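Taking it in order: structure first as structure tokens, then the write-up.
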Amino acid sequence: MAEIISSESHLKVYASIDQLPDQEQALIEAAKTAALRAYAKYSHFQVGAALRLEDGSIIQGNNQENACYPAGLCAERVAFFAAKSQYPDKTIEAVAVVAKRTEESEFRAAAPCGSCRQVMSEYENNQAGPIRLYMMDSEGKIYESPSIENLLPFKFSEASLGIS
Ligand code: THU
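Numbering (my numbering), first residue to last: 1 to 164.
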């Protein structure tokens with residue numbers, strides 16, 4: 001008989017952004033303004049990410065596409081790499097991710113891709129506390145993940161490399 005190991009992921013759902021503390025509302029608004037500046041010439045799918053550091057400062061990122069498609073980068077990685085390249089020792093408290101199609105005015109639900117989860121997980125593993133993640137759907141509902149770990153069970157990490 002094989003043993004089963006399992007992992008349960010969960011999201012907290014808020015009916016509207018008004019139910020969140022002011023600083024989380026501001027983070028989601030910063031993700032929205034970032035999405036509007038995305039360079040999404042090929043997909044017309046604009047993604048914005050905004051993360052907050054322990055000192056309260058907000059770093060934004062958006063997807064940057066390229067005629068050579070794989071050379072582009074997702075919003076989350078643009079934001080995380082910007083933050084960690086400028087403030088390598090600052091803890092990241094939370095990140096908000098929103099998306100919209102260029103031709104639409106409404107934002108729509110989009111969860112971070114696997115590569116972005118992997119990148120965010122790397123930094124979460126190497127800081128003191130979890131990174132909360134917020135997403136928003138087209139009805140304005142907010143989805144909160146308590147950590148990146150919650151979105152990436154059974155992950156590859158430095159432990160897999162045998163160096164920790
Ligand atoms: N994209 C992101 O920016 N973040 C994700 O987590 C998923 C996808 C971008 C990449 C590409 O520019 C566009 O969305 C369509 O895939």
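Each residue gets a CB set at the ideal place from its N, CA and C atoms; glycine is no exception. Given the structure is predicted, the values throughout are model-derived calculations rather than measurements.
Proximity winner among the options, relative to residue i (alpha-carbon distances)
i	options	result
residue 29	48, 15, 38 and 69	48
residue 132	146, 79 and 2	146
residue 51	82, 22, 71 and 21	82
residue 90	130, 74 and 75	130
residue 66	143, 57, 56 and 43	43
residue 56	72, 122 and 94	94
residue 6	163, 162, 154 and 160	154
residue 173	125, 141 and 144	Only positions 1 to 164 of the chain appear in this structure, which leaves residue 173 out of reach.
residue 11	156, 151 and 23	151
residue 73	119, 33, 106 and 107	119
Euclidean distance between Cα positions of residue i and residue j
i	j	result
residue 69	residue 115	15 Å
residue 54	residue 104	34 Å
residue 59	residue 79	6 Å
residue 15	residue 112	21 Å
residue 85	residue 3	42 Å
residue 117	residue 9	14 Å
residue 46	residue 17	20 Å
residue 100	residue 121	25 Å
residue 31	residue 75	9 Å
residue 148	residue 71	25 Å
residue 142	residue 64	25 Å
residue 157	residue 92	18 Å
One or two residues paired with residue i in a DSSP bridge
i	result
residue 135	97 and 143
residue 62	48
residue 53	92
residue 73	64
residue 12	144
residue 39	64
Whole-number beta carbon distance between residue j and residue i, since they are thought to touch under 8 Å
i	j	result
residue 35	residue 98	5 Å
residue 62	residue 26	Not quite, the Cβ-Cβ distance comes to about 17 Å (not below 8 Å), so this is no contact.
residue 96	residue 134	4 Å
residue 109	residue 138	7 Å
Around the ligand THU, Cβ to any heavy atom closer than 5 Å, ordered along the chain: Counting only heavy atoms of the ligand THU, the residues whose C-beta sits closer than 5 Å to one of them are, along the chain, 43, 45, 47, 63, 65, 74, 75, 112, 113 and 116.
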